[in-house]
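**Q**
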Amino acid sequence: MPGKFFPRNKLGPMPFCFADTATQNVPHNIVVELISKQQWLRLRTHLETTTTTITSPTTVLQQLFDSGADTELVLRYFDWSRREFKVKYTLELICRLLHSLAAAKMYLKIRNLLNGFVKDESFCSVSVSSIFRAFSSCGGDHDRSRIADMLMVAYVKNMRPHLGFEAFKRAGEYGLKLSVVSCNHLLNALVKGSEIVGAEYVYKEMRNRKIELDLVSFNIVIHGLCKVGKLKEASDVIEDMKSLGVSPDAITYNTLIDGYCKRGKIGRMYRADAILKDMVESGIPADEFTFNILIDGFCKDRNVLAAMKVFDEMKNQGVKVSLITYSSLINGLCACGKLDEAIALRNQMITCSGLKPDFITHSVIIKGFCKQKMVDRARELFDDLVKQGMVPNVVMYNTMIDAYCKSRRTEDAFALHDSMLERGMLPNAATYNSLIAGLCSEGDTEGAKRLENVSKNKGLIKADLVTY
DNA sequence: GTAGGGTTAG
Numbered sequence: 040m041p042g043k044f045f046p047r048n049k050l051g052p053m054p055f056c057f058a059d060t061a062t063q064n065v066p067h068n069i070v071v072e073l074i075s076k077q078q079w080l081r082l083r084t085h086l087e088t089t090t091t092t093i094t095s096p097t098t099v100l101q102q103l104f105d106s107g108a109d110t111e112l113v114l115r116y117f118d119w120s121r122r123e124f125k126v127k128y129t130l131e132l133i134c135r136l137l138h139s140l141a142a143a144k145m146y147l148k149i150r151n152l153l154n155g156f157v158k159d160e161s162f163c164s165v166s167v168s169s170i171f172r173a174f175s176s177c178g179g180d181h182d183r184s185r186i187a188d189m190l191m192v193a194y195v196k197n198m199r200p201h202l203g204f205e206a207f208k209r210a211g212e213y214g215l216k217l218s219v220v221s222c223n224h225l226l227n228a229l230v231k232g233s234e235i236v237g238a239e240y241v242y243k244e245m246r247n248r249k250i251e252l253d254l255v256s257f258n259i260v261i262h263g264l265c266k267v268g269k270l271k272e273a274s275d276v277i278e279d280m281k282s283l284g285v286s287p288d289a290i291t292y293n294t295l296i297d298g299y300c301k302r303g304k305i306g307r308m309y310r311a312d313a314i315l316k317d318m319v320e321s322g323i324p325a326d327e328f329t330f331n332i333l334i335d336g337f338c339k340d341r342n343v344l345a346a347m348k349v350f351d352e353m354k355n356q357g358v359k360v361s362l363i364t365y366s367s368l369i370n371g372l373c374a375c376g377k378l379d380e381a382i383a384l385r386n387q388m389i390t391c392s393g394l395k396p397d398f399i400t401h402s403v404i405i406k407g408f409c410k411q412k413m414v415d416r417a418r419e420l421f422d423d424l425v426k427q428g429m430v431p432n433v434v435m436y437n438t439m440i441d442a443y444c445k446s447r448r449t450e451d452a453f454a455l456h457d458s459m460l461e462r463g464m465l466p467n468a469a470t471y472n473s474l475i476a477g478l479c480s481e482g483d484t485e486g487a488k489r490l491e492n493v494s495k496n497k498g499l500i501k502a503d504l505v506t507y
């Protein structure tokens, strides 16, 4: 039976092999595990009635399509042949498969397939526009829209937000309707990647295309605008959403409050407070996030007193106090040089709230001690952290090294530099700059020059960063 | 199926 599949044995999951490979492009004696005997019988029937010779996996796929084989079977063959032969099917055949899957409403399978494609470098090098062109040749509008929608999400979820953005634009050109949730995925990816201009474009375009924006869409857009300090615009979006019948929730208000706290100019905490009033008046009580945002905001505003008042209010209202709450406060106290109070608060946190200081809590206090030139106290905590199984990162090492250097304890600094290397951590420009400055301040110009060369050879020093 | 809060050295 030249050029035909035939069964090899009849036990267990039915295997079969390609025969007569001499005249074919199919590797010799490849055993295919089909899931069931029934599946195999169906495939064989399709092939026997439609073909006499098999030339390549691609031909088989085409023949399966043409014979009207059921989609499940075609997909099995598709997956298997890609795995076994490393076949790269043409875009046309892939589209054909996606469309039959869509027609069969096998959306989960489409999602899985697309995710697999998008993880593949060679698929991503194919321009999005050519993929859309291939898509447009078959299937109905509804299915095409759903596939485009899933493709966009696949790009976004697999760290290809630009391709997702591209897919969003092409979908518009082809008049394909995308879902809000998918667009939200894209919006969020753009905001996370600080591509706010892109996010604003998507937002406007969603409105143009009559994709009904929901609460999540608005919250993401507000976050994006806040992230780049466009606070007025963010407030305007809240008005827009209200007029479109979408009520802001705690996340909306918290995002805007945080925006003012972090990006606002003078009077930002006053503004933040005003938004809080709006929020409460709209019937949305301040939650854990709100309090934490305000506490951190006041701390960064160097107003620890106000932060403490918010903290008290938080406890009065029975809102859950967390490690984040304490870390923000401890950070505020450290930044003001109130180390004793910071330590007291940390102890209070452990005894009263049963919370365990984590890496960030430690970092904050270590940095506080270093800033106060209390390098031994910083070191105690540093060692403590290591004892607890936490691993200092490069920033923490650099903080300690810099403090040692500024205290004219270059030897201790170099000892830490060495332990950094032992831990497999790479010193960076900041490390070297501190050490070089330390050597200089001890009058070791030669040593400083040597180290500068080491640093330069690693390509680390930028001209404007040279410290002497 | 998607959205908000704490540390980043010189």
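Sequential numbering of the first sequence, starting at 40, is according to the working numbering. Yeah, the Cβ is synthetic: ideal placement off N, Cα and C, and Gly gets one too.
#1: So for Cys-375, helix, strand or coil by DSSP?
#2: Leaving out the 5 sequence neighbours to the left and right, which residues in its chain are closer than 8 angstroms to Ser-446 when beta-carbon positions are compared?
#3: Let me know the secondary structure DSSP gives Glu-481 once reduced to three states.
#4: Can you tell me whether Tyr-309 is buried or exposed, with buried defined as 16 or more other CB within 10 angstroms of its CB?
#5: In angstroms, rounded to a whole number, what distance separates the CA positions of Leu-137 and Ile-149?
#6: Taking three-plus beta-carbon pairs below 8 angstroms as touching, is the segment 194 to 201 in contact with the segment 218 to 227?
#7: Would you tell me roughly how many angstroms separate the C-alpha atoms of Tyr-242 and Val-260, rounded to the nearest one?
#8: List the endpoints of the continuous alpha helix (DSSP H) containing Tyr-213.
#9: Taking 8 angstroms as the threshold (C-beta atoms), are Thr-390 and Ile-369 in contact?
#10: Within its chain, find whatever has a CB closer than 6 angstroms to the CB of Gly-203; leave out the 5 residues flanking it on each side and keep chain order.
#11: With burial defined as no fewer than 16 other Cβ atoms inside 10 Å of the residue's Cβ, what is the status of Ile-305: buried or exposed?
#12: Ala-238 and Leu-252 look like a contact to me (Cβ under 8 angstroms); what is the Cβ gap, rounded to whole Å?
#13: Please report the distance separating the alpha-carbon of Ala-374 from that of Val-319.
#14: Take Arg-302 as the anchor and find which of Glu-244, Cys-409, Ala-273, Leu-100 has the nearest alpha-carbon.
#15: Please list, in chain order, all residues of the same chain as Met-464 whose beta carbon is under 7 angstroms from its beta carbon, the five residues on each side excluded.
#16: Below 8 angstroms between beta carbons: does that hold for Ala-311 and Ile-296?
#17: Quick check: the segment 160 to 177 against the segment 109 to 117, are there 3 or more CB pairs under 8 angstroms?
#18: Rounded to the nearest angstrom, what separates Ala-454 and Thr-484 at their Cα positions?
#19: Closest to His-181 by C-alpha separation, out of Ser-218, Ala-206, Phe-162, would be which residue?
#20: Could you give the first and the last residue of the continuous alpha helix (DSSP H) run that contains Glu-131?
#21: In angstroms, rounded to a whole number, what distance separates the CA positions of Met-498 and Ile-440?
#22: Please state whether DSSP places Ile-323 in a helix, a strand or coil.
**A** This is what the structure holds:
#1: coil
#2: Lys-412, Val-414
#3: In this structure, Glu-481 counts as coil in the three-state DSSP scheme.
#4: exposed
#5: 6 angstroms
#6: yes
#7: 7 angstroms
#8: That residue, Tyr-213, is in no alpha helix (DSSP H); it is neither H nor E in DSSP.
#9: no
#10: Met-191, Tyr-194, Val-195, Leu-225
#11: exposed
#12: About 13 angstroms separates the two Cβ atoms, so there is no contact after all.
#13: 31 angstroms
#14: It is Ala-273.
#15: Val-433, Tyr-436
#16: yes
#17: no
#18: 20 angstroms
#19: Ser-218
#20: 130 to 142
#21: One detail in the question is off: residue 498 reads as Gly in this sequence, not Met. The alpha-carbon atoms of Gly-498 and Ile-440 are separated by roughly 20 angstroms.
#22: The three-state reading of DSSP puts Ile-323 in coil, since its state is none of H, G, I, E or B.
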